[in-house]
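*Asks:* First residue of the sequence shown? That's 0 in numbering that gives the first Met the number 0, and the numbers climb one at a time after it.
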Amino acid sequence: MKKIDTKQYVDEFYKRIAEDNKVSDEEKQRAVAYSLGYTDEDIELGGDLGLGCGNPIQNAKLKDGEWLLDLGCGKGVDVFKAAREMHGTGKAVGIDRLPEMIERANFIRDKRGFDNADFLVSDIDDINLPDNTFDVVISNCVINLLEDKEKVYKEIFRVLKPGGRVSISDIIQIKKLPDDILADPIFHAT
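1. When DSSP builds the beta bridges, which residues end up paired with L144?
2. Would you tell me roughly how many angstroms separate the C-alpha atoms of T88 and N115, rounded to the nearest one?
3. What beta strand (DSSP E) runs, 3 residues minimum, are completely inside the region 46–129?
4. Given this structure, state the Cα-to-Cα distance separating E40 from L145, to the nearest angstrom.
5. DSSP on D169, reduced to helix/strand/coil?
6. Take D63 and list the residues in its own chain whose beta-carbon comes closer than 8 angstroms to its own, dropping the five residues that flank it on each side.
7. Can the beta-carbon of L35 be found less than 9 angstroms from the beta-carbon of G51?
8. Determine the extent of the beta strand (DSSP E) in which N139 is found, giving its start and end residues.
9. DSSP on K27, reduced to helix/strand/coil?
10. Buried or exposed: A81, going by 16 or more other Cβ atoms within 10 Å of its Cβ?
11. Starting from E40 and walking both ways along the alpha helix (DSSP H), at which residues does that stretch end?
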């Protein structure tokens with residue numbers, strides 16, 4: 000079986016999404032968002048609710064003044080949702096390896112006036128942020144896209160403050176996939 004350059008394919012797949020500012024099927028995207036616990040108010044924040052597979056903010060139990068990090072934030076919907084819920088000195092930070100995603104997230108942030116949201120280009124398996132910085136780390140259907148998940152989790156616990164919390168929505172594989180699926184790059188990006 001031919002080895003796929005997963006990272007390159009995933010980057011190209013999500014770069015196209017970042018550069019496309021229109022929703023392909025808004026009605027379906029809303030239906031999925033509602034099924035995951037997002038509200039109309041969340042949907043109006045912007046970002047792209049069609050890329051996640053859960054709602055990590057629901058279980059994060061955010062408190063005023065906390066600092067949150069979103070791994071693989073995309074266009075930032077979970078960062079905006081967190082920023083809206085946190086007050087005072089609270090801050091929500093999103094990282095994504097694609098500059099195009101960060102550019103879109105910053106555009107939405109500036110347009111919506113979220114002063115307590117920041118976005119940075121960074122790999123989630125090599126986070127360019129200091130140790131013990133965040134009270135909460137979240138991720139929404141991103142960790143599955145990386146081959147070295149152990150490295151991601153080491154980074155999560157490095158940037159997390161002692162006693163901090165993690166809330167991850169993701170997909171898992173419970174049995175071996177057929178070779179034809181493993182050979183198809185689209186399944187590595189979705």
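Each residue gets a CB set at the ideal place from its N, CA and C atoms; glycine is no exception.
Given the structure is predicted, the values throughout are model-derived calculations rather than measurements.
*Replies:* In short:
1. L144 has no beta-bridge partner at all, per DSSP.
2. Here the alpha carbon of T88 sits roughly 8 angstroms from the alpha carbon of N115.
3. If we require 3 residues or more, the beta strand (DSSP E) runs fully inside the region 46–129 come out as 66–70, 90–95, 116–120.
4. Each residue's alpha carbon lies about 31 angstroms from the other.
5. The DSSP-derived three-state label of D169 is coil.
6. Taking C-beta separations shorter than 8 angstroms and ignoring five residues to either side along the sequence, the partners of D63 in its chain run M85, H86, G87, G89, following chain order.
7. Closer than 9 angstroms, so yes.
8. From DSSP, the beta strand (DSSP E) with N139 extends over 133–139.
9. Helix at K27.
10. Of the other Cβ atoms in all chains shown, 16 or more fall within 10 Å of the Cβ of A81; this residue is therefore buried.
11. Judged by DSSP secondary structure, E40 falls within the alpha helix (DSSP H) whose first and last residues are 39–42.
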